[in-house]
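Since the structure comes first, as structure tokens, the remarks are kept for the end.
Residue numbers (the numbering used here): 836 to 1044.
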């Protein structure tokens, strides 16, 4: 399914063919940027979800509305869950932008992106994330499973009636951002990409709320 560009025109892999990496080294280097950018996006998505849940209010026994109480979230737990969101998002970008057959150059690029994601943060490994979710069942079951799992891990299930599935909605709504990041990582010069990675990489999975 093609996603719209910032000018309202749809972007598809066919549109990106002209930017496809010409060598394995070029593909690998651009994948580092793409994985890092997707890590930042994953952190933003997870932050939005947490803030959405934490912004809920409850009616207290004394007749007052008060913020819902939520357990603290450690930096390490945030990183681990952001890695899950990032890994599934990399897979999702392939599903969203490919038909029955994925172009070889995009397969290679996506593979290098997953390897780069494991260099950003080792645990869980991308292959371990894939083993957790029903990828063979398609996008919706996978995203719903991820959303419910994250909700459970963060103990946010009692914050809102839609807490278990809200993360999935946020992830799916970020489709345009995913294709824009893919286009940027393929079309920009390596100087631009390397400069961005050097500035962002150390904090890609930092707690943002």
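We treat Cβ as the ideally placed atom computed from N, Cα and C, and that holds for glycine.
Predicted, not measured: the structure shown is a model, and the values here were computed from it.
Two segments are said to touch when three or more pairs of C-beta atoms, one from each, lie closer than 8 Å; by this definition the segment 967-980 touches the segment 925-932. The C-alpha of residue 962 is placed about 18 Å away from the C-alpha of residue 985. Between residue 908 and residue 1021, the CB-CB gap reaches or exceeds 8 Å.
Between the alpha carbons of residue 859 and residue 872 lies a distance of about 20 Å. In this structure, the beta-carbon distance from residue 982 to residue 970 does not fall below 8 Å.
Contact check for residue 1013 against residue 948 fails: the beta carbons are separated by 8 Å or more. DSSP, reduced to helix, strand and coil, places residue 855 outside both helices and strands of the structure shown, so it counts as coil.
Taking 8 Å as the cut-off, the Cβ atoms of residue 881 and residue 854 do not count as close. In terms of CA proximity to residue 979, 1004 leads the group 993, 1004, 951. Taken through DSSP and simplified to helix, strand or coil, residue 902 comes out as strand. Residue 1017 has its alpha-carbon roughly 13 Å from the corresponding atom of residue 849. Burial is judged here by how many other beta carbons sit within 10 angstroms of a residue's own beta carbon; residue 1033 has fewer than 16 and is exposed.
DSSP lists 902 as the beta-bridge partner residues of residue 892. Inclusion of residue 1028 and residue 863 in the CB contact set at 8 Å is not warranted, their separation being larger than that value.
Taking the CA atoms as reference points, residue 1031 sits about 10 Å from residue 1025.
Just measuring C-alpha positions, the residue of 942, 890, 877 sitting nearest residue 916 is 877.
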